[in-house]
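These notes concern the structure reproduced below.
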Amino acid sequence: MDNLAYYIQQLLAGVSVGGQYALIAIGYTMVYGILRLINFAHGDIFMAAGFFMVYTSASMPLYVSIPLTLLLTVILGVAVERIAYKPLRQAPRMSIMISAIGVSYLLQNFATYYTGGLPRSYPTIPFISETIKIGSVSTSWITLLTPVLTLILIIALVFLIKYTKVGMAMRAVSRDFETAQLMGIKINNVISMTFVIGSFLAAVGSILFFTRYPTVTPIIGAMPGLKAFVAAGFGGIGSIPGAVIGAFIIGICENIIKSLGYTTFSDAFTFVLLIVVLIFRPSGLFGEKQTEKV
Amino acid sequence: MNPKVKWSIAAVLILLLLGGLYMLEQILPANSIIFTVLQKGAIYSLIAVSLNLLNGFTGLFSLGQAGFMLIGAYTYAVLTIPPESRAAVYQYYDGGIIDFALPVPVAMILAGVAAGICAFLIGLPVLRMKGDYLAIATLGFAEIIRAIVQYDKLGPITNGSNLLRSFPVFHSTLFPFIVSGICIAVICLLINSSYGRAFKAIRDDEIAAEAMGINLFMHKEMALVTSAFFAGIGGALLAMFQMMVQARAFTSAMTYEILLIVVIGGIGSVTGSVIASFLFIASSEWWLRFLDEAQFIGGMQVPFLRPGFRMVVFSVIIMFVVLFYRKGIMGTKEFSIEGIYRFFTKGRSKAGKGAK
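Top line first, the protein sequences correspond to chains S and Y. For the first sequence, the positions run 11 to 304 when the working numbering is used. For the second sequence, the positions run 0 to 355 when the working numbering is used.
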């Protein structure tokens with residue numbers, strides 16, 4: 011019976027981690043859908059959100075610092091797009107990808123400089139980090155809250171994309187960049203909006219993530235970023251449901267492997283899963299088929 | 000230009016370079032920063048050129064270079080640690096299970112071969128993917144390799160997540176220069192052969208290349224294995240340079256760094272990669288070093304200068320290059336004796352015309 015409780019606990023933790031990955035993965039997949047760019051800097055936006063929270067909460071109460079963190083992260087995300095990606099809109103895709111890597115490098119180095127390279131402890135948010143007991147399963151509120159919050163945000167996002175004008179513009183741009191431009195859609199606004207949404211979700215993901223792993227370091231963004239990116243690739247990069255399902259699968263599998271005692275392999279397993287999926291479905295689970303014209 | 004003249008000029012230049020390095024070693028103290036820059040620059044040149052062979056010449060966007068370097072570095076280290084030091088290195092694994100040490104050149108070639116074999120196996124599934132998925136999958140394999148090497152059960156061979164040390168290292172800057180030079184020369188020969196032309200055809204238009212009878216899969220596999228072979232040797236050199244090796248260091252950040260070097264040098268230019276490696280290493284390790292220490296101008300402390308500022312400035316410079324010099328230092332051009340000769344003769348003939 012104890013065993014069962016343990017496994018349920020692990021499963022819940024997996025779902026929760028999956029939710030956090032899903033929030034980050036949406037940022038990757040939406041940007042990819044519109045710009046065909048793997049935004050390597052996204053993991054570092056997530057890291058930056060962690061630091062914003064650390065520094066704002068030091069001098070402000072939580073109900074100010076949380077919205078402020080979300081706002082600052084969104085500003086950072088849009089600024090990165092404006093400065094590093096917009097000038098390269100007509101350039102080959104390789105250049106813009108390199109620019110993303112450059113931004114990631116810059117953000118990490120800047121964070122190392124600003125913080126002195128020391129890990130900072132994340133503020134505890136009351137209530138959501140408390141533990142609760144359901145039957146013999148003990149877990150924290152955050153574990154239960156994460157998947158719920160994730161789902162609410164995703165449903166809101168799907169509504170936004172399906173039923174609003176901006177959403178329609180986004181779909182048009184992701185289908186055909188140039189035609190959308192000719193039809194009078196303001197491409198730059200749509201792209202900025204994509205980055206607003208992506209960074210906002212990454213900031214929410216970061217708050218949830220750091221409540222469980224409460225130290226922020228300048229390179230912390232690398233692993234969750236990579237995992238979320240894999241989740242996006244796994245589900246078919248460019249597809250939102252694909253990214254979400256991919257993220258949940260990865261989160262759950264990772265926790266199962268950890269609970270079986272193979273912690274060294276929990277990261278590697280993610281990639282094994284990815285490669286197996288890519289071998290059988292070369293454009294991910296839900297990805298568009300890539301056809302090539304001569 | 001007469002090829003004989005060209006080759007003799009090249010030979011003289013190489014001898015001058017090696018002679019100059021030798022002189023430098025006699026004059027300067029051995030712990031001078033210049034040697035660090037030169038050694039690391041030479042090693043990174045080889046690795047950057049090997050990545051350029053894939054990304055620049057074959058058009059395969061691969062992000063697995065750190066994984067291949069890791070295999071090379073570990074193969075070299077594991078095979079060359081002298082038996083008498085093994086007990087100390089493998090202190091948690093009863094001295095490991097290998098009790099021999101191979102000579103350095105053999106181990107270095109084996110380092111390349113091991114990376115090459117691994118690349119061949121990875122290539123079987125991965126090379127059928129297109130574009131970005133190839134990048135994701137190679138990145139994934141690099142991470143898997145890193146995890147496997149750190150696996151506890153492999154500890155008697157790889158020493159788990161502990162570092163490997165006490166293997167033979169080089170003491171002269173000439174060594175990495177000669178090894179990298181030979182390897183880069185071989186890569187250049189490959190690029191200029193009919194295989195190299197096939198690689199470029201695949202890069203420019205895969206479908207057209209296939210229609211012309213180029214076996215896509217075979218040539219891609221060949222480019223990947225060659226690139227991994229030399230990345231493996233580069234990894235072995237890097238292990239020697241650092242005097243120790245630990246799997247934890249070979250992250251995707253390392254691949255990104257090399258990719259940045261390739262881009263700064265110019266995608267598709269061997270000499271560009273070499274120049275960019277030296278510039279990259281020199282500015283990150285040496286020229287910007289003063290930014291990390293507090294400086295005083297006339298009794299006033301210059302603001303912002305403290306440890307870490309060097310890397311911030313460095314990454315800003317990189318962003319400038321990426322945004323405003325998109326083609327990199329060399330573009331797709333090569334720096335060659337013939338080019339310089341032509342540059343001067345053209346200038347002279349123009350001047351001659353003007354005089355007429």
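Note that beta-carbon positions come from the ideal geometry of N, C-alpha and C, so glycine has one too.
Contact annotation: the region 111-131 of chain S touches the region 308-320 of chain Y, with at least three C-beta pairs closer than 8 Å. The Cβ neighbour count for F244/S, taken over all protein chains shown within 10 Å, is at least 16; the residue is labelled buried. Counting C-beta pairs with one atom in each stretch, the region 16-29 of chain Y and the region 154-169 of chain Y have fewer than three that are closer than 8 Å, which means they do not touch. At a C-beta separation below 9 Å, V269/Y has no neighbours in chain S, since its nearest C-beta there lies roughly 18 Å away. In the DSSP secondary-structure assignment, T225/S is bridged to S131/S. Considered as a whole, the region 59-140 of chain S harbours no complete run of any beta strand (DSSP E) with no fewer than 3 residues. In this structure, L16/Y keeps its C-beta atom at 8 Å or more from the C-beta atom of L223/Y. Taking C-beta atoms as the reference points, G122/Y and A230/Y fail to come closer than 8 Å. Shown here, V301/Y sits in coil according to DSSP, grouped into three states, outside any helix or strand.
Under the three-state reduction of DSSP output, I142/S falls in the strand class. Taking 7 Å as the Cβ-Cβ cut-off, the region 249-282 of chain S approaches chain Y at T274, F275, D277, A278, F281 and V282, given in chain order. Residue pairing from DSSP places R164/Y in a beta bridge opposite M243/Y. When the alpha-carbon of H218/Y is set against those of R196/Y, I80/Y, M239/Y and A238/Y, the nearest one is in R196/Y. Note: F50/S is not bridge-paired with any residue in the DSSP secondary-structure output.
For S148/S, the enclosing beta strand (DSSP E) stretches over residues V147 to S150.
When DSSP reads this structure, F295/Y sits in a beta bridge with Q300/Y. It is roughly 10 Å from the alpha-carbon of A10/Y to the alpha-carbon of V4/Y. At a cut-off of 8 Å between beta-carbon atoms, Y194/Y makes no contact with chain S. Proximity of T225/S to chain Y, defined by a Cβ-Cβ separation below 8 Å, is not satisfied.
Taking CB atoms only, F187/S has no neighbour in chain Y less than 8 Å away. The count of Cβ pairs closer than 8 Å, one atom from the region 50-63 of chain S and one from the region 225-233 of chain S, reaches three, so the stretches are in contact. L287/Y and V301/Y have their C-alpha atoms spaced approximately 15 Å apart. Counting of Cβ neighbours within 10 angstroms places M242/Y among the exposed residues, the total staying below 16. A distance below 6 Å between beta-carbons, with the five flanking residues on each side excluded, links T254/Y to the following residues of its chain, in chain order: L62, Q64 and A65. Cβ-Cβ separation between M128/Y and L288/S: approximately 6 Å, consistent with a contact (criterion under 8 Å). Your pair L155/S and A110/S does not check out as a contact, with CB atoms roughly 31 Å apart and the cut at 8 Å.
Rounded to whole angstroms, the separation of the alpha carbons of F120/S and S293/S is 35 Å. Residue range P2 to I26 is occupied by the alpha helix (DSSP H) that includes W6/Y. When Cβ-Cβ separations below 8 Å define contact, I108/S makes contact with chain Y.
Judged by DSSP in its simplified three-state form, I328/Y adopts coil rather than helix or strand.
If you look at Y272/S, you'll find it isn't in any alpha helix (DSSP H); DSSP assigns it neither H nor E. Of the residues assessed, Y324/Y falls on the exposed side of the cut-off, its CB having fewer than 16 other CB atoms within 10 angstroms. Each residue's CA atom was taken as its position, placing G94/Y and Y17/S some 38 Å apart. The beta carbon of T83/S sits closer than 8 Å to the beta carbons of I55, A58, A59, F62, S209, F210, A212, A213 and S216 from its chain, once the five residues preceding and following it are set aside; these are given in chain order. With respect to the 8 Å criterion, C182/Y and I232/Y are classified as neighbours on the basis of their beta carbons. In this structure, V158/S is the residue among K196/S, V158/S, M180/S and M178/S with its C-alpha nearest to the C-alpha of F258/S.
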